[in-house]
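**Q** Numbering (my numbering), first residue to last: -16 to 250.
Built from N, CA and C at the ideal position, the CB exists for glycine as well.
Being a predicted model, the structure only gives us computed values, none of them experimental.
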Amino acid sequence: MVTDAEHMASGGPGAPEDTVDFGFRRVARTEKAGMVRDVFDSVARSYDVMNDAMSGGLHRLWKDTMVSKLSPRPGQHVLDVAGGTGDIAFRIVNRSRKGEDGAAAHVTVLDINQSMLSVGRDRALDRGLLDGLDWVCGDAMNLPLPDRSVDAYTIAFGIRNVTDIAQALREARRVLKPGGRFVCLEFSRVVLPTLRRLYDGYSLHVVPRIGRVIAGDADSYHYLVESIRRFPDQQAFTTMIEDAGLSQARHLDLSAGIVAIHTAWRI
Ligand SMILES: C[S@@+](CC[C@H](N)C(=O)[O-])C[C@H]1O[C@@H](n2cnc3c(N)ncnc32)[C@H](O)[C@@H]1O
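1. To which residues of the same chain is V174 closer than 8 Å at the C-beta, ignoring the five residues directly before and after it?
2. Give every residue of the same chain whose Cβ lies closer than 7 Å to the Cβ of V133, excluding the five residues on either side of it in the sequence, and list them in chain order.
3. Are there 16 or more other CB atoms within 10 angstroms of the CB of V90, so buried, or fewer, so exposed?
4. Is any beta-carbon of chain D found at less than 7 Å from that of P176?
5. Would you kindly check if the distance between the Cβ of G69 and the Cβ of A107 is under 7 Å?
6. Leaving out five residues on either side along the sequence, give the residues of the same chain with a beta carbon under 6 Å from the beta carbon of S29.
7. How about A151 and Y136: are their beta carbons less than 7 Å apart?
8. DSSP state of R172, grouped into three classes?
9. Tell me, please, whether the region 73 to 92 touches the region 43 to 50 by the rule of three or more beta-carbon pairs shorter than 8 Å.
10. Under DSSP, the beta strand (DSSP E) around T137 begins and ends at which residues?
11. By how many angstroms is the C-alpha of H42 removed from the C-alpha of T246?
12. Can we count M99 as close to ligand 1, meaning its CB is less than 6 Å from some heavy atom?
13. Skipping 5 residues on each side, what residues in its chain have a beta carbon closer than 7 Å to that of D94?
14. Looking at the secondary structure, which residues open and close the alpha helix (DSSP H) in which H205 lies?
15. Apart from the five residues just before and just after I250, which ones in its own chain have a Cβ nearer than 7 Å to its Cβ?
16. Does the Cβ of A123 lie closer than 6 Å to at least one heavy atom of ligand 1?
17. Can you tell me the Cα-Cα spacing of S54 and V166, whole angstroms?
18. Which residue wins for smallest C-alpha separation from V145, given the options R20, M37, E0 and L128?
19. Can you grab the Cα-Cα spacing for the pair G194 / S203, in whole Å?
20. Taking the alpha helix (DSSP H) that S38 belongs to, which residues open and close that run?
21. Taking just the CA atoms, how far does N96 sit from G17?
22. Between S171 and D216, how many whole angstroms is the CB-CB distance? I'm expecting something under 8 Å.
23. DSSP three-state call for T146: helix, strand or coil?
24. Let's test the definition: count the other Cβ atoms within 10 Å of the Cβ of Y185 and tell me whether it reaches 16, buried, or not, exposed.
25. May I ask you to check if the CB of R20 is nearer than 6 Å to at least one heavy atom of ligand 2?
26. Work out the CA separation of M33 and D200 for me, nearest whole Å.
27. Find the nearest neighbour of I138 within the set L128, T177, V92 and R131, judged by alpha-carbon distance.
28. Confirm the yes/no value for this check: CB of D94, any heavy atom of ligand 1, distance under 6 Å.
29. Regarding V90 and ligand 1, is the C-beta to nearest heavy atom distance less than 6 Å?
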């Protein structure tokens, strides 16, 4: 559990505005993006194996559910922000495809980290996914896309790493066409108290050990787990989505709120 003292020390009332959370620490606002980049540089090669190891494969189910909520169609242009090694993009292309060789949705995978994108490109080649994807190195807070240019915006396990979440949400609204869909999968608050205690113990103490064994890097996984605690709960994040000008924001808890899928529309 995060104690009140920890919360006060990292982002509670009175925390200076030129600093932001980096896990349980406060760091200079200008330094966070570089520190997040270092984390994903370090974990890129073992990222996919670690996801299976940490979640017991559950992340696959969560991602499948996210993409089935999106229900992508051939010809749509989807922007997958913080798309990393391509897990969401591959699902979108495959799910939207009509027939074996038919038309599919087009996905732009955008990530701030070139190492993650390189692993993603290699995986796409291995799967024979040559068409329908493009890979862009860029920042969720300053998207290199025109206004009203995409049919859907997706982001999975990415938004909690962004320095200014409200700015990233405003960017999501800006690039969506009117009638466009916003779908976000992110860690959230476990709603069952007993499970929450077990989950807290597992994530704070076991996950960094798995990170040390598999990725040779416990520190990055300390950050990733701590960043989950710092992320707003289901209701607070729903309010942030609405504050960014997106409409009809809703959420669906999966695995008792370990993660939640947030959806909204640009009207
Ligand atoms: C936990 S990974 C998620 C990857 C992928 N979406 C998935 O679900 O497997 C988080 C990703 O967010 C990216 N990221 C962090 N900050 C970002 C930013 N400001 N803009 C774009 N991507 C960012 C990281 O580089 C990393 O690839």
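**A** According to the structure shown:
1. The sequence position of residue 174 within the sequence shown is 191, counting from 1. D236, A239 and G240, listed in sequence order.
2. Taking the first residue of the sequence shown as position 1, residue 133 is located at position 150. Closer than 7 Å at the Cβ level, and outside the excluded window around V133, lie H60, V61, L62, V158, L159, K160 and G163.
3. To locate residue 90, count along the sequence shown from 1; it is residue 107. That one is buried.
4. Considering every chain present, this structure includes no chain D. It has just one protein chain.
5. Position 124 of the sequence shown, counted from the first residue, corresponds to residue 107. Position 86 of the sequence shown, counted from the first residue, corresponds to residue 69. Taking 7 Å as the Cβ cut-off, A107 and G69 qualify as a contacting pair.
6. The residue labelled residue 29 in the question sits at position 46 within the sequence shown. Shown here for S29: same chain residues with a beta carbon closer than 6 Å to its own, the five before and five after excluded, namely I197 and A198 in chain order.
7. Residue mapping note: residue 151 aligns to position 168 of the sequence shown, counting from 1. Residue mapping note: residue 136 aligns to position 153 of the sequence shown, counting from 1. It is not a contact, given that the beta carbons lie outside the stated cut-off.
8. The residue labelled residue 172 in the question sits at position 189 within the sequence shown. Three-state DSSP puts R172 in coil, outside helix and strand.
9. yes
10. Locating residue 137 in the sequence shown gives position 154, where the first residue counts as 1. Here the beta strand (DSSP E) through T137 covers V133 to A139.
11. As a first step, residue 246 is located in the sequence shown; it is residue number 263 there, counting from the start. As a first step, residue 42 is located in the sequence shown; it is residue number 59 there, counting from the start. Distance between the alpha carbons of T246 and H42: 18 Å.
12. Against the sequence shown, residue 99 aligns to sequence position 116. Indeed, a heavy atom of ligand 1 lies less than 6 Å from the Cβ.
13. Counting from one through the sequence shown, the residue named residue 94 turns up at place 111. Correct list, in chain order: A65, G66, G67, L100 and C120.
14. Taking the sequence shown and counting its residues from 1, one reaches residue 205 at position 222. A201 to R213 is the span of the alpha helix (DSSP H), which, as asked, contains H205.
15. On the sequence shown, residue 250 is found 267 positions in, with the first residue counted as 1. P161 and S230, listed in sequence order.
16. As a first step, residue 123 is located in the sequence shown; it is residue number 140 there, counting from the start. Yes, since a heavy atom of ligand 1 falls inside the 6 Å radius drawn around the Cβ of A123.
17. For the purposes of this step, residue 54 is taken as the residue at position 71 of the sequence shown. For the purposes of this step, residue 166 is taken as the residue at position 183 of the sequence shown. Each residue's alpha carbon lies about 11 Å from the other.
18. As a working mapping, residue 145 is identified with position 162 in the sequence shown. Here the closest residue by C-alpha is R20.
19. What you label residue 194 is simply residue 211 of the sequence shown in a count that begins at 1. What you label residue 203 is simply residue 220 of the sequence shown in a count that begins at 1. For G194 and S203, the distance between alpha carbons rounds to 8 Å.
20. Position 55 of the sequence shown, counted from the first residue, corresponds to residue 38. Its alpha helix (DSSP H) spans residues Y30 to S38.
21. Taking the first residue of the sequence shown as position 1, residue 17 is located at position 34. Taking the first residue of the sequence shown as position 1, residue 96 is located at position 113. Between the alpha carbons of G17 and N96 lies a gap of roughly 10 Å.
22. Taking the first residue of the sequence shown as position 1, residue 171 is located at position 188. Taking the first residue of the sequence shown as position 1, residue 216 is located at position 233. That pair is a contact at about 6 Å.
23. Taking the sequence shown and counting its residues from 1, one reaches residue 146 at position 163. In the structure shown, T146 sits in coil (DSSP, three-state: anything other than H, G, I, E or B).
24. Locating residue 185 in the sequence shown gives position 202, counting from the first residue. Counting Cβ neighbours within 10 Å, Y185 comes out exposed, since fewer than 16 surround it.
25. In the structure on display, ligand 2 does not appear, and the ligands it does have are ligand 1.
26. In the sequence shown, counting from the first residue as 1, residue 200 sits at position 217. In the sequence shown, counting from the first residue as 1, residue 33 sits at position 50. As the crow flies, the alpha-carbon of D200 is around 11 Å from that of M33.
27. The residue labelled residue 138 in the question sits at position 155 within the sequence shown. Per the Cα distances, V92.
28. Within the sequence shown, residue 94 is the residue found at index 111, counting from 1. Under cutoff, so the answer is yes.
29. In the sequence shown, counting from the first residue as 1, residue 90 sits at position 107. No, ligand 1 has no heavy atom inside 6 Å of this Cβ.
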